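Numbering (the numbering used here), first residue to last: 105 to 490.
Beneath this line is the structure, given in structure tokens, with notes to follow.
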Amino acid sequence: MERAKRINAVPPYLFAEIDKKKEAAIERGVDVISLGIGDPDQPTPDHVVERLIEEARKSSNHQYPSYVGHREFRKAVSQYYFNRHGVEVDPGDEAIALIGSKEGLAHMIWAYVEEGDYVLVPDPGYPVYGIHTSLAGGKVFDMPLLAENGYLPDFSAIPEEIAKKAKIMFLNYPNNPTAGVADLSFFEEAVAYGKKYDILICHDAAYTDITFDGYVAPSILEVNGAKDIAIEFGSLSKPYNMTGWRIGYAVGGKEYIDALGIIKTNTDSGQFTAIQKAGIEALLNTPKEFRDSLNSMYQRRRDLVIGSLKEIGIEIPPPKGSFYIWAHVPKGYGSAEFVSLVLEKTGVVLTPGSAYGKQGEGYFRISLSVADDRLEEAMKRLKDLF
Ligand SMILES: *Cc1c(COP(=O)(O)O)cnc(C)c1O
């Protein structure tokens with residue numbers, strides 16, 4: 105059976121070769137340590153799990169959920185925005201529940217992008233933005249995220265004729281994979297740029313609550329008038345260790361939320377209401393101590409990795425957010441080559457930067473979502489190798 109041509113737009117699975125080498129190492133009896141996946145090793149907080157159990161028992165939660173998300177969940181998102189960012193979000197028409205933020209990011213493209221429209225995508229970046237743009241028939245314009253610019257895109261480097269043809273710009277801070285952060289003045293610039301060229305700014309805020317050294321990440325909605333041109337995607341996955349639960353949300357201008365809702369209503373039927381209720385518990389009733397201790401755990405791991413890399417001659421400033429370390433490979437190596445060498449010699453799996461875009465070449469990514477003892481062992485092996 106011939107597949108749809110759009111499938112050809114999906115690049116081959118970039119980790120296929122790494123996976124093969126990893127399998128072979130396991131076969132040889134090597135104790136493989138994966139620092140590849142961004143998926144928290146810690147459990148979901150108990151109060152959230154308890155709420156799910158309670159809600160799962162109620163037959164009133166067993167039917168199709170509301171398409172846009174349970175009103176109580178949307179109210180909780182609104183309350184969270186007010187508490188955390190001082191921003192007012194109308195739970196009625198400025199918020200929508202998502203089956204994980206990835207789902208919303210993908211569907212947003214289908215709501216706006218037509219054949220030939222441009223989408224401005226960070227390079228390196230989370231692959232969903234570019235892949236769905238291609239699937240929808242749009243054109244990807246890469247915005248390089250460079251170390252010398254603090255991993256922020258340079259809007260003045262985008263050609264005027266591309267800006268005029270662009271429908272959406274994706275941003276993501278704290279950033280995956282570079283761990284770069286943005287301050288409010290950057291978001292002000294982004295909103296002004298979006299308004300000037302009529303480009304919807306989609307901010308992926310998956311790591312907003314994972315920050316270090318006292319840094320507090322802003323929401324793009326803190327910018328005056330942001331809702332006219334921006335929408336923000338939030339996720340419960342990373343801050344509450346809930347990746348498997350598939351719950352997130354989008355907030356922002358109501359015409360954008362409405363457009364996303366039209367795609368969703370005709371595709372999925374929303375997330376299980378009991379999970380949404382447990383999500384309320386996570387958003388509103390998670391003690392500050394949980395957040396502080398999770399962030400100090402990642403900060404401790406960050407410092408361990410930064411220190412170990414320094415000992416082998418790779419020096420980078422400690423990032424202020426996300427749970428990734430983005431570092432340049434030693435001189436003379438390419439990303440894939442370095443990652444293969446490390447895997448073969450030490451059994452440690454790193455992610456090649458090139459998997460996230462052209463600008464990722466020459467870099468590798470380490471995820472800090474790995475148990476302390478395993479991370480320590482991995483760093484010891486790296487230091488022994490170099
Ligand atoms: C993990 C991640 C997401 C997806 O989160 P879900 O809510 O689990 O779908 C979105 N964006 C980035 C950059 C991520 O790293």
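Every residue gets a Cβ at the ideal spot worked out from N, C-alpha and C, and that includes glycine.
It should be emphasised that the depicted structure is a prediction, and the values quoted were computed from it without experimental measurement.
Query raised in the report: Going by the C-beta, is Asn280 closer than 7 angstroms to any heavy atom of ligand 1?
Result: Relative to ligand 1, the nearest heavy atom lies less than 7 angstroms away from the CB of Asn280.
Report task. Give, in chain order, every unbroken run of the beta strand (DSSP E) that is at least 3 residues long and sits entirely within the stretch 207-263. Result -> Those beta strand (DSSP E) runs which fall completely within the stretch 207-263 and span 3+ residues are 222-227, 243-248.
Report task. Over the uninterrupted alpha helix (DSSP H) stretch that includes Asn389, give me the two end residues. Result -> Counting along the chain, the alpha helix (DSSP H) containing Asn389 begins and ends at 377-389.
Query - C-beta contact flag for Asn345 and Pro147 at 8 angstroms - result: If you check the CB distance, Asn345 and Pro147 come in under 8 angstroms.
Requested in this report: Take Ala296 as the anchor and find which of Thr312, Asn279, Leu325 has the nearest alpha-carbon.
Outcome: The closest CA to that of Ala296, considering only Thr312, Asn279, Leu325, is found on Leu325.
Query raised in the report: Nearest to Glu158 by alpha carbon, out of Glu385, Arg478, Glu292?
Result: Glu158 has its Cα closest to that of Glu385, out of Glu385, Arg478, Glu292.
Query - Sequence ranges, alpha helix (DSSP H) only - wholly within the stretch 405-446, length at least 4 - result: Within the stretch 405-446, no alpha helix (DSSP H) run of at least 4 residues lies entirely inside it.
Query raised in the report: Measuring CA to CA, which of Gly229, Cys306, Ala482, Pro281 is closest to Val355?
Result: Closest in alpha carbon position to Val355, among Gly229, Cys306, Ala482, Pro281, is Cys306.
**Report entry** Inter-residue CB distance, Gly425 and Tyr319 (contact presumed, cutoff 8 angstroms)
**Finding:** Contact flag correct, Cβ pair sits at about 6 angstroms.
Query - Counterpart residues of Asn112 in DSSP-defined beta bridges - result: When beta bridges are read from the DSSP output, Asn112 appears opposite no residue.
Report task. Taking only runs that begin and end inside the stretch 341-372, name each unbroken beta strand (DSSP E) of 3 or more residues, in chain order. Result -> Whole beta strand (DSSP E) segments, 3+ residues: 352-356.
Query raised in the report: Within this structure, are the beta carbons of Gly365 and Phe177 separated by less than 8 angstroms?
Result: No.
Query - Nearest residue (CA-CA) to Leu256, options Ser289, Gly234, Ala270, Thr237 - result: With distances taken between Cα atoms, Leu256 lies closest to Ser289.
Query raised in the report: Just checking my contact of Pro169 with Ser400 at CB under 8 angstroms: how many whole Å lie between their CB atoms?
Result: Approximately 36 angstroms separates the beta-carbon atoms of Pro169 and Ser400; this is outside 8 angstroms, ruling out the contact.
Query - Alpha-carbon to alpha-carbon, Arg485 and Asn249 - result: Per the sequence shown, the amino acid found at residue 249 is Leu instead of Asn. Distance from the CA of Leu249 to the CA of Arg485, rounded to the nearest whole angstrom, comes to 30 angstroms.
Query raised in the report: Under a three-way DSSP split, which group does Ile335 fall into?
Result: Of the three classes helix, strand and coil, the one that applies to Ile335 here is strand, per DSSP.
Query raised in the report: Would you call the CB atoms of Val172 and Ile200 closer than 8 angstroms?
Result: Taking 8 angstroms as the Cβ cut-off, Val172 and Ile200 qualify as a contacting pair.
Query raised in the report: So what does DSSP say about Thr315, is it helix, strand or coil?
Result: Strand.
Requested in this report: Specify, as a first and last residue, the run of the alpha helix (DSSP H) that His189 falls within.
Outcome: Here the alpha helix (DSSP H) through His189 covers 175-189.
Query raised in the report: Span of the beta strand (DSSP E) holding Asp308?
Result: Where Asp308 is concerned, the enclosing beta strand (DSSP E) starts and stops at 304-308.
Query - Proximal residues to Tyr129 (C-beta, below 7 angstroms), its chain only, five neighbours per side dropped - result: The question names Tyr, but residue 129 is Ala in the sequence shown. Excluding residues within five positions, the ones whose Cβ falls inside 7 angstroms are Val136, Leu447, Gly451.
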